[in-house]
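A.B. asks:
Chains as they are written, first to last, in the numbering used here: chain A, 1322 to 1666; chain B, 1387 to 1457.
Structure below.
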């Protein structure tokens, strides 16, 4: 339930703007019939009422919602068949991050090369849609284009898609995608409707805002990917004296095994950095207490440990003696929350 | 007659879709293809039915300025 709320809020904030930036063109396309010659004449005659523009937007968003629910089911089914390894997940996050940054820079017109970070719908599709609109089948256009947004998911949507695969369950994945799409639809509708009423200046303003949000989220995604790969120089990685709070923990007496306890909390792991004695066995125990955050999805890449911690309970694993200087990194499955164990003589 | 134009103000793939819609509004357009990636519009048209000025005006009405590509 908490995951669904988080997905909805993500859609309502970053997702809405990001989706609008990437998919707004298709929505514009679905509004095209309302601004074509016959419609313009009709509008002049009857004065454009709010429902003239609200209806295609709503049809577009409803169609999009259904399409993403179906996509969620497919992704969940895919996830149930394909277990993403931490490395694969890290590469996915890196690729998503680069795609998001590229799209943000495209929207800021930073360089022509960034135009290639977006896809152009096939010409036969756009021609088909135009012809349908010309034939007067106006309801089909926004419905079809709404469904087509599946082909050009925005960066944040792709993160949700990755999460949906990660659930490994078609129903959960569909719920996640629906919650996210519902959240983004609120922003989508508000901005698109206002833009159609107030002019394109509003859209341009939001485009710039969305571009900045995309770039920031892209950098976060790249950072998370690097975290998952245990690359030491990332923003979230604890770096000893480099600022993050580090709480040294007592090391085991010589010859005794390390017994390490880490609390999994809603916003990370406590302590973030643990010290342990090298050359003796180690038992690591994660403790959770009414935990509903993504820190439950624990990954220890080096030992190929991937597990969902209990909402309340413990999860333990043992390590053989480690060499002095060894640093063992762990994180949540998205690489947002990280921690490490440092082995010293 | 076949002409290739540089299009300023294309900011997303939907712009291509809108520009290609010119063929629905003007007679004599044999083939039209817009590219957001390359910011260009290729039009093959029958000069006895439609003029270049009409095509440029149609694009301008949609908010795009066409510049004839040289060479």
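Heads up, the beta-carbon is just placed ideally off N, CA and C, and yes, glycines get one too. None of the values given here were measured: they were computed from a predicted structure.
Would you tell me roughly how many angstroms separate the C-alpha atoms of residue 1388/B and residue 1435/A, rounded to the nearest one?
C.D. replies: If you take the alpha carbons of residue 1388/B and residue 1435/A, they lie about 29 Å apart.
A.B. asks: Taking C-beta pairs closer than 9 Å, name the residues in chain B that residue 1440/A reaches, listed in chain order.
C.D. replies: In chain order: 1399.
A.B. asks: Measuring CA to CA, which of 1586/A, 1461/A, 1424/A, 1552/A is closest to residue 1632/A?
C.D. replies: The shortest Cα separation from residue 1632/A among 1586/A, 1461/A, 1424/A, 1552/A belongs to 1586/A.
A.B. asks: How many angstroms separate the CA atom of residue 1390/A from the CA atom of residue 1443/B?
C.D. replies: Cα-Cα distance, rounded: 43 Å.
A.B. asks: Quick check on the DSSP output: the alpha helix (DSSP H) that includes residue 1600/A runs from which residue to which?
C.D. replies: Per DSSP, residue 1600/A belongs to no alpha helix (DSSP H) and is neither H nor E.
A.B. asks: Note down, in chain order, all residues in the region 1400-1420 of chain B with a beta-carbon under 8 Å from any beta-carbon belonging to chain A.
C.D. replies: Listed by position, the residues of the region 1400-1420 of chain B near chain A (Cβ gap below 8 Å) are 1400, 1401, 1402, 1403, 1404, 1406, 1407, 1410, 1411, 1419.
A.B. asks: Please classify residue 1422/A: does DSSP put it in a helix, a strand, or coil?
C.D. replies: Note: residue 1422/A maps to helix in three-state DSSP.
A.B. asks: Output yes or no for whether 7 Å exceeds the beta carbon distance between residue 1425/A and residue 1532/A.
C.D. replies: A contact, by the Cβ cut-off of 7 Å.
A.B. asks: What residues in its chain sit with their C-beta under 6 Å from that of residue 1663/A, if we drop five residues either side in the sequence?
C.D. replies: So the qualifying residues of the chain are 1596, 1648.
A.B. asks: Using only CA atoms, which one of 1418/B, 1399/B, 1401/B, 1435/B lies nearest to residue 1390/B?
C.D. replies: The shortest Cα separation from residue 1390/B among 1418/B, 1399/B, 1401/B, 1435/B belongs to 1418/B.
A.B. asks: For a cutoff of 7 Å on Cβ pairs, would you count residue 1447/A as touching chain B?
C.D. replies: So, interface residue.
A.B. asks: Compare the C-beta of residue 1380/A with all C-beta atoms of chain B and state if any pair is closer than 7 Å.
C.D. replies: Not closer than 7 Å to any Cβ of chain B, the Cβ of residue 1380/A fails to qualify, so no.
A.B. asks: Kindly list, in the order they appear in chain A, the residues whose Cβ is closer than 9 Å to that of residue 1422/B.
C.D. replies: Here the neighbours are 1346, 1436, 1439, 1441.
A.B. asks: Name, please, each residue of chain B whose Cβ falls closer than 7 Å to the Cβ of residue 1611/A.
C.D. replies: Neighbours of residue 1611/A on chain B: none; closest Cβ ~45 Å, over 7 Å.
A.B. asks: Could you give the distance in angstroms between the alpha-carbon of residue 1413/B and the alpha-carbon of residue 1435/B?
C.D. replies: Going from the Cα of residue 1413/B to the Cα of residue 1435/B covers about 6 Å.
A.B. asks: Give me, in chain order, the residues of the same chain whose beta-carbon lies closer than 8 Å to that of residue 1666/A; leave out the 5 immediate sequence neighbours on both sides.
C.D. replies: Counting only Cβ-Cβ distances below 8 Å, and skipping sequence neighbours, we find 1598, 1599, 1600, 1645.
A.B. asks: Express the C-alpha separation of residue 1463/A and residue 1384/A in angstroms, rounding to a whole number.
C.D. replies: Using only the alpha carbons, I get a separation of about 8 Å.
A.B. asks: So, with DSSP's three-state summary, where would you put residue 1577/A?
C.D. replies: Coil, per DSSP.
A.B. asks: With a threshold of 16 other CB atoms inside 10 Å of the CB of residue 1365/A, please say whether the residue is buried or exposed.
C.D. replies: With a pLDDT of 40 at residue 1365/A, under the threshold of 50, the modelled position of that residue is not reliable, and the figure given next carries that caveat. Counting Cβ neighbours within 10 Å, residue 1365/A comes out exposed, since fewer than 16 surround it.
A.B. asks: So, helix, strand or coil for residue 1660/A, using DSSP?
C.D. replies: Residue 1660/A: strand per DSSP, three-state reduction.
A.B. asks: Express the C-alpha separation of residue 1638/A and residue 1671/A in angstroms, rounding to a whole number.
C.D. replies: Residue 1671/A is absent from the structure shown; chain A starts at 1322 and stops at 1666.
A.B. asks: If you follow the beta strand (DSSP E) that residue 1637/A is part of, which residue opens it and which one closes it?
C.D. replies: First-last of the beta strand (DSSP E) with residue 1637/A: 1634-1640.
A.B. asks: In terms of residue numbering, what span does the beta strand (DSSP E) encompassing residue 1432/B cover?
C.D. replies: Careful: residue 1432/B lies outside any beta strand (DSSP E) and carries neither H nor E.
A.B. asks: So with Cβ pairs under 7 Å, would you call residue 1444/B a contact of chain E?
C.D. replies: The displayed structure is made up of protein chains A and B, and chain E is not among them.
A.B. asks: Would you report the Cα separation of residue 1513/A and residue 1378/A, rounded to the nearest angstrom?
C.D. replies: Taking the straight line joining both Cα atoms gives about 8 Å.
A.B. asks: Kindly give me the distance between the Cβ atoms of residue 1487/A and residue 1654/A, rounded to whole angstroms, as I take these residues to be in contact under 8 Å.
C.D. replies: Right, the Cβ-Cβ distance comes to about 6 Å (below 8 Å), so this counts as a contact.
A.B. asks: Give the DSSP-derived three-state secondary structure of residue 1628/A in the structure shown.
C.D. replies: Looking at residue 1628/A - three-state DSSP - the assignment turns out to be strand.
A.B. asks: Which of helix, strand or coil does DSSP assign to residue 1647/A?
C.D. replies: Note: residue 1647/A maps to coil in three-state DSSP.
A.B. asks: State the start and end residues of the unbroken alpha helix (DSSP H) segment that holds residue 1417/B.
C.D. replies: No alpha helix (DSSP H) holds residue 1417/B; the beta strand (DSSP E) holding it covers 1415-1421.
A.B. asks: Can the beta-carbon of residue 1545/A be found closer than 7 Å to that of residue 1414/A?
C.D. replies: Taking 7 Å as the Cβ cut-off, residue 1545/A and residue 1414/A qualify as a contacting pair.
A.B. asks: How about residue 1448/B and residue 1393/B: are their beta carbons less than 7 Å apart?
C.D. replies: Result no, Cβ atoms of residue 1448/B and residue 1393/B do not sit closer than 7 Å.
A.B. asks: Could you tell me whether the Cβ of residue 1369/A comes closer than 7 Å to any Cβ of chain B?
C.D. replies: Bear in mind that the predicted position of residue 1369/A carries a pLDDT of just 43, short of 50, making it too unreliable to give a figure here.
A.B. asks: At the level of alpha carbons, what is the spacing between residue 1328/A and residue 1437/B?
C.D. replies: Computed Cα separation, rounded: 52 Å.
A.B. asks: Of the residues 1420/B, 1450/B, 1445/B, 1452/B, which one's Cα is nearest the Cα of residue 1444/A?
C.D. replies: Minimum Cα distance to residue 1444/A is reached at 1420/B.
A.B. asks: Short of 7 Å in beta carbon distance, which residues of its chain neighbour residue 1618/A, apart from the five on each side in sequence? Order them along the chain.
C.D. replies: Hits under 7 Å: 1629, 1653, 1654.
A.B. asks: Would DSSP call residue 1623/A helix, strand or coil?
C.D. replies: Helix, per DSSP.
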